[in-house]
Amino acid sequence: MAVNKKLGLTALGAAMAIGLTACGGEGAGAASGEAPAATAAPEELTIGVSMPTQTSERWIADGNAVKSQLEEAGYKVELQYANDDIPTQGQQIDQMLTQGADLLIVAAIDGTALSSQLQAAADANVKVISYDRLIRETENVDFYVSFDNFKVGVAQGTALLTGLGVLNADGSAGTATGPFNVELFAGSLDDNNAGFFFDGAMSVLQPKIDDGTLVVKSGQTSIEQAATLRWAQETAQKRMEDLLTGSYADGSKVQGVLSPYDGISRGIITALQGNGYTTPLPVVTGQDAEIASVKLINDGVQSSTIFKDTRELAAQAVTAAEAFLEGTEPEANDTETYDNGVKVVPSYLLPVETVYKADIQSKLIDSGYWTADEVAKGQSD
Ligand code: BGC
58 MAVNKKLGLT ALGAAMAIGL TACGGEGAGA ASGEAPAATA APEELTIGVS MPTQTSERWI
118 ADGNAVKSQL EEAGYKVELQ YANDDIPTQG QQIDQMLTQG ADLLIVAAID GTALSSQLQA
178 AADANVKVIS YDRLIRETEN VDFYVSFDNF KVGVAQGTAL LTGLGVLNAD GSAGTATGPF
238 NVELFAGSLD DNNAGFFFDG AMSVLQPKID DGTLVVKSGQ TSIEQAATLR WAQETAQKRM
298 EDLLTGSYAD GSKVQGVLSP YDGISRGIIT ALQGNGYTTP LPVVTGQDAE IASVKLINDG
358 VQSSTIFKDT RELAAQAVTA AEAFLEGTEP EANDTETYDN GVKVVPSYLL PVETVYKADI
418 QSKLIDSGYW TADEVAKGQS D
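Plus 57 on top of the position in the sequence shown (first one is 1) and you've got our numbering.
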């Protein structure tokens, strides 16, 4: 177990910790009247990082970025992936705590399933940073780093309209008026983000459904109907096949599909191709700029994705972790939006970018997120 460097050290522990600390002490002063906050050298501290799954590249990239940036800052890191299994994630976090983790960074599978672990963390004075997905229904979450999730949804809805030609890429009104047949997909309902994405998308799509530009032939317009448990590609593929059989057997065609995540998009595309749709396929949106989907966009198969730079998100998580471990509070840029059912969690939200084929070079390759070679192969090196 690492030396006790949590807040509320004993006098001896604090003296030792301060003695060990060469950096970061300046900002750690507590308000007068409070016990002085104490810090330990990063080398003395272990940060537990709990990620949901390795089946999606996005989380592998996040895990790698958080780990390497924390290690660069000197911390020891215990990184675990939970295989999209809720009990596994709980056990992994329990273990991080019993092994003396000093701070936790958690991207939850189910945002409400970690209450007992987080109570144990609070009891041990271990701060918890909720990573990208808000942890809900607990007081014991200290900070949230994410992207502006409502805007992700707005960007997805806008990308669907742009792909159909209802809007131009600059947001101005396009020439196409429809009516267009579209179907709607949402993410996993136990992930707080799913609602933000869907609501954001519907904020731009609902008026177009109301005025007849868009027609959802299946009638499945609620998030419950559109949801995809665990964001699973196969589940999305199956639902798309069912939609095609159920609502398009009369020879009509679907022209656009709102998809909240690239893995879901690939399931939808497989279903469309399996039902005889050929390029140009219906407009399919996405999220995460996963390399397999960037290739599909480059090849003119998928229409768009939303780029969320996981390197930037990792950097924010590291900044917040450093602040807590130095005894200060991380800087939030949103203290209103993310009510987790018990409290509003102070948040740092990053901006997002829509990527169409024409943007791959400037937004993904020039920024070093993917290489041209990876895009051509559809695989990361
Ligand atoms: C993330 C998305 C991701 C989805 C599926 C969400 O919580 O914000 O970026 O596409 O999970 O992994």
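Where a beta carbon is used, it is the ideal one built from N, C-alpha and C, also for glycine.
Here residue 170 carries a coil assignment [DSSP, helix/strand/coil].
Scanning the segment 87-156 for uninterrupted alpha helix (DSSP H) segments of 4 residues or longer gives 114-129, 143-155, listed from N- to C-terminal end. Secondary structure in the segment 179-255: the beta strand (DSSP E) runs of 3 residues or longer, each lying completely within the stretch, are 184-188, 200-204, 237-241 in chain order. By the Cβ criterion, the segment 122-140 is not in contact with the segment 400-417, since fewer than three pairs of Cβ atoms, one from each stretch, lie closer than 8 angstroms. Listed in chain order, the beta strand (DSSP E) runs fully inside the segment 326-364 are 362-364, counting runs of at least 3 residues. Between residue 242 and residue 210 a beta carbon distance of about 12 angstroms is seen, past the 8 angstroms cut, so the two are scored as non-contacting. In this structure, 218 is the residue among 157, 218, 257, 212 with its C-alpha nearest to the C-alpha of residue 239.
At a cut-off of 7 angstroms, the beta-carbon of residue 248 counts as near ligand 1: some heavy atom of the ligand is closer than that. Look at the beta carbons and you see the segment 133-148 not touching the segment 365-377: under three pairs across the two are nearer than 8 angstroms.
With fewer than 16 other CB atoms across the displayed protein chains lying within 10 angstroms of its CB, residue 335 is exposed.
Placement of the Cβ of residue 288 at a distance of less than 7 angstroms from at least one heavy atom of ligand 1 is found.
Counting the other CB atoms within 10 Å of its CB gives residue 176 a total below 16, which places it among the exposed residues. Straight-line spacing of the CA atoms in residue 208 and residue 234 works out to 24 angstroms. Judged by DSSP in its simplified three-state form, residue 303 adopts helix. Under DSSP, residue 313 takes part in a beta bridge, and its partners are 239, 340.
With a contact defined as Cβ atoms closer than 8 angstroms, residue 149 and residue 107 qualify at about 6 angstroms.
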